[in-house]
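Colleague: Residue 1 is where the sequence shown starts when you use full-length UniProt numbering, and the numbers rise one by one after that.
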Amino acid sequence: MKEFGYQRADDVSGAVALLAADPDARFLGGGTNLVDLMKTGVERPTRLVDIRGLPLDTVEETADGGLRIGATVTNSDLAAHPGVRRRYPALAQAVLAGASGQLRNMATVGGNLLQRTRCGYFTDLSKPCNKRAPGSGCSAVTGEHHNHAVLGASDHCVAVHPSDMGVALAAFDAVVRYETLDGPGGTPAAGELPLADFYLPVGDTPHRETALPPGALITGVTLPPAPVAARSRYRKVRERASYAFAIGSVAAALGIEDGVVTEARLAFGAVASRPWRAHAAEAVLTGAPAAGDTFAAAADAELAAARPLPDNGYKVTLMRNLAVAVLTELAEEAAR
Ligand SMILES: Cc1cc2nc3c(=O)[nH]c(=O)nc-3n(C[C@H](O)[C@H](O)[C@H](O)COP(=O)(O)OP(=O)(O)OC[C@H]3O[C@@H](n4cnc5c(N)ncnc54)[C@H](O)[C@@H]3O)c2cc1C
Ligand code: SF4
Numbered sequence: 001m002k003e004f005g006y007q008r009a010d011d012v013s014g015a016v017a018l019l020a021a022d023p024d025a026r027f028l029g030g031g032t033n034l035v036d037l038m039k040t041g042v043e044r045p046t047r048l049v050d051i052r053g054l055p056l057d058t059v060e061e062t063a064d065g066g067l068r069i070g071a072t073v074t075n076s077d078l079a080a081h082p083g084v085r086r087r088y089p090a091l092a093q094a095v096l097a098g099a100s101g102q103l104r105n106m107a108t109v110g111g112n113l114l115q116r117t118r119c120g121y122f123t124d125l126s127k128p129c130n131k132r133a134p135g136s137g138c139s140a141v142t143g144e145h146h147n148h149a150v151l152g153a154s155d156h157c158v159a160v161h162p163s164d165m166g167v168a169l170a171a172f173d174a175v176v177r178y179e180t181l182d183g184p185g186g187t188p189a190a191g192e193l194p195l196a197d198f199y200l201p202v203g204d205t206p207h208r209e210t211a212l213p214p215g216a217l218i219t220g221v222t223l224p225p226a227p228v229a230a231r232s233r234y235r236k237v238r239e240r241a242s243y244a245f246a247i248g249s250v251a252a253a254l255g256i257e258d259g260v261v262t263e264a265r266l267a268f269g270a271v272a273s274r275p276w277r278a279h280a281a282e283a284v285l286t287g288a289p290a291a292g293d294t295f296a297a298a299a300d301a302e303l304a305a306a307r308p309l310p311d312n313g314y315k316v317t318l319m320r321n322l323a324v325a326v327l328t329e330l331a332e333e334a335a336r
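What follows is the structure, given as structure tokens:
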């Protein structure tokens with residue numbers, strides 16, 4: 001591993017200033033992804049700016065019914081928070097479906113959103129990979145891609161985003177808060193990005209993953225009030241029963257009155273370079289009978305845009321079945 005410096009940040013503006021002074025430095029959250037990538041040589045920072053001491057480690061329930069989640073809240077604390085479990089149960093379920101207990105005790109909200117893809121070629125320095133080495137090619141398109149993207153990919157990269165947490169955040173219109181030194185004369189300035197705009201389309205620049213300004217520190221995530229989320233669910237399919245990344249996942253919430261869907265939230269995981277909000281499916285669901293036919297039509301509407309590769313076509317069927325199953329469970333629960 002390349003030698004690097006280490007520094008603890010005491011306050012938010014100090015953390016941002018440290019990174020601005022050294023563009024090859026990186027913020028250190030729990031380190032559960034960054035340190036692995038440093039060991040393989042994918043990441044070679046000059047310095048780590050440890051942000052775990054910053055006062056960004058609380059979850060606050062807002063008066064309007066939403067949540068303000070700090071960037072350094074650990075995955076374990078997020079999943080255990082009573083307000084998260086009551087207001088957005090799918091978020092707690094998604095976080096608990098990820099990694100292991102030890103990892104969740106270390107991993108932070110900001111780091112989870114910025115974790116890199118698990119595409120094997122990305123961490124294999126001997127293979128071409130446009131995300132790691134722009135312009136070198138994509139080994140996965142003609143190589144091993146059974147867990148790669150079926151939605152929103154390009155010939156330049158077919159990797160999926162691995163976060164479970166992000167899928168639930170996408171379903172509930174999360175907004176990412178950040179801090180930069182972009183104020184007048186290089187002073188601290190706060191910014192916000194809806195999660196829908198946070199991850200950039202893949203296009204021909206898969207190495208550019210987010211719309212965060214360079215050097216920005218994620219300070220937290222805001223969840224706007226969503227009463228429908230109180231009855232929500234996250235379901236993940238993986239290749240073994242525990243401790244594995246998703247091959248497909250669904251976060252969903254349904255509002256139902258008199259047997260008709262009044263509001264629908266649906267997001268898919270492990271199918272695209274970002275958590276995938278299923279807007280086409282939501283449009284089919286809203287105003288339709290809360291019944292199996294509707295759920296299947298909604299899933300089909302979303303997956304009509306799927307462009308599977310030779311070895312990952314199973315994901316289209318998997319996601320259809322998963323979405324129908326989760327929506328059916330939510331409808332049955334509402335009818336009780
Ligand atoms: C074996 C294993 C299994 C896993 N399984 C799953 C799984 O099933 N589901 C899942 O979702 N995840 C899984 N993970 C991934 C894990 O959730 C992530 O590694 C973790 O969430 C990253 O958080 P972190 O705080 O450790 O980030 P770090 O490793 O510290 O940082 C990751 C990146 O984010 C940047 N960063 C961190 N915080 C900030 C901030 N506040 N502002 C700006 N930049 C920041 C860092 O500079 C770095 O580039 C697994 C990881 C491992 C090792
Ligand atoms: S899918 Fe993306 S991350 Fe994987 S090899 Fe291709 S360019 Fe690299």
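Idealized CB from N, CA, C, for every residue including glycine.
Please return the same chain residues whose Cβ sits closer than 8 Å to the Cβ of ARG320, not counting the five positions on each side in sequence.
Modeller: Excluding residues within five positions, the ones whose Cβ falls inside 8 Å are ALA296, ALA299, ASP300, LEU303.
Colleague: Can a CB atom of chain D be found closer than 8 Å to the CB of LEU28?
Modeller: The chain labelled as chain D is not found in the depicted structure, where only one protein chain is given.
Colleague: List, from N- to C-terminal side, the alpha helix (DSSP H) runs of 4 residues or more that fit wholly inside the segment 4-35.
Modeller: Fully enclosed alpha helix (DSSP H) runs of 4 or longer: 12-21.
Colleague: Express the C-alpha separation of GLY287 and GLU333 in angstroms, rounding to a whole number.
Modeller: The alpha-carbon atoms of GLU333 and GLY287 are separated by roughly 19 Å.
Colleague: Check THR117 in the structure and name its three-state DSSP category.
Modeller: Here THR117 sits in coil by DSSP.
Colleague: Identify every residue that forms a DSSP beta bridge with LYS236.
Modeller: Bridge partners of LYS236: SER249.
Colleague: For LEU96, count the other beta carbons within 10 Å of its own beta carbon; 16 or more makes it buried, fewer makes it exposed. Which is it?
Modeller: Counting Cβ neighbours within 10 Å, LEU96 comes out buried, since at least 16 surround it.
Colleague: Tell me the rounded alpha-carbon separation between ASP57 and PRO310.
Modeller: Looking at the two C-alpha atoms, the distance is approximately 44 Å.
Colleague: Determine the extent of the beta strand (DSSP E) in which PRO194 is found, giving its start and end residues.
Modeller: That run of the beta strand (DSSP E) goes 189-194.
Colleague: Residue range of the beta strand (DSSP E) that ASP50 falls in?
Modeller: Note, ASP50: beta strand (DSSP E), 47-50.
Colleague: Cβ-heavy atom distance between GLN115 and ligand 1 below 7 Å?
Modeller: True, at least one ligand heavy atom lies under 7 Å from that Cβ.
Colleague: Does the beta carbon of MET1 fall short of 7 Å from some heavy atom of ligand 1?
Modeller: Every heavy atom of ligand 1 is 7 Å or more from the Cβ of MET1, so no.
Colleague: Would you check whether ligand 1 has a heavy atom nearer than 7 Å to the C-beta of THR222?
Modeller: Every heavy atom of ligand 1 is 7 Å or more from the Cβ of THR222, so no.
Colleague: Compute the Euclidean distance between the alpha carbons of LEU34 and THR187, then round it to the nearest angstrom.
Modeller: Their backbone Cα atoms lie some 28 Å apart in a straight line.
Colleague: Is the closest heavy atom of ligand 2 to the C-beta of PRO201 under 7 Å?
Modeller: Every heavy atom of ligand 2 is 7 Å or more from the Cβ of PRO201, so no.
Colleague: Evaluate LEU48 with the Cβ neighbour count: other Cβ atoms within 10 Å of its Cβ, from every protein chain shown; 16 or more gives buried, anything less gives exposed.
Modeller: It is buried - the Cβ of LEU48 has at least 16 other Cβ atoms within 10 Å.
Colleague: Check the DSSP bridge columns for PHE268 and list the partner residues they point to.
Modeller: Beta-bridge pairing links PHE268 to VAL250, TRP276.
Colleague: Along the chain, where does the alpha helix (DSSP H) that runs through LEU322 open and close?
Modeller: 314-335 is the extent of the alpha helix (DSSP H) around LEU322.
Colleague: Return the bridge partner residues of THR108 from the DSSP annotation.
Modeller: In DSSP, THR108 forms a bridge with THR74.
Colleague: Between which two residues does the beta strand (DSSP E) carrying ARG132 extend?
Modeller: Where ARG132 is concerned, there is no enclosing beta strand (DSSP E), given that its DSSP letter is neither H nor E.
Colleague: Quick one: Cα of GLY166 to Cα of GLY185, how far?
Modeller: Straight-line Cα distance between these residues: approximately 34 Å.
Colleague: Rounded to a whole number of angstroms, what is the C-alpha to C-alpha distance between ALA107 and PRO194?
Modeller: If I take the Cα positions, the gap works out to 22 Å.
Colleague: Under 8 Å, do TYR178 and LEU151 count as touching if we go by C-beta distance?
Modeller: It is not a contact, given that the beta carbons lie outside the stated cut-off.
Colleague: On the premise that LEU67 lies in contact with GLU60, defined as a C-beta separation below 8 Å, what is that separation, rounded to the nearest angstrom?
Modeller: With a Cβ gap of about 7 Å, GLU60 and LEU67 count as contacting.
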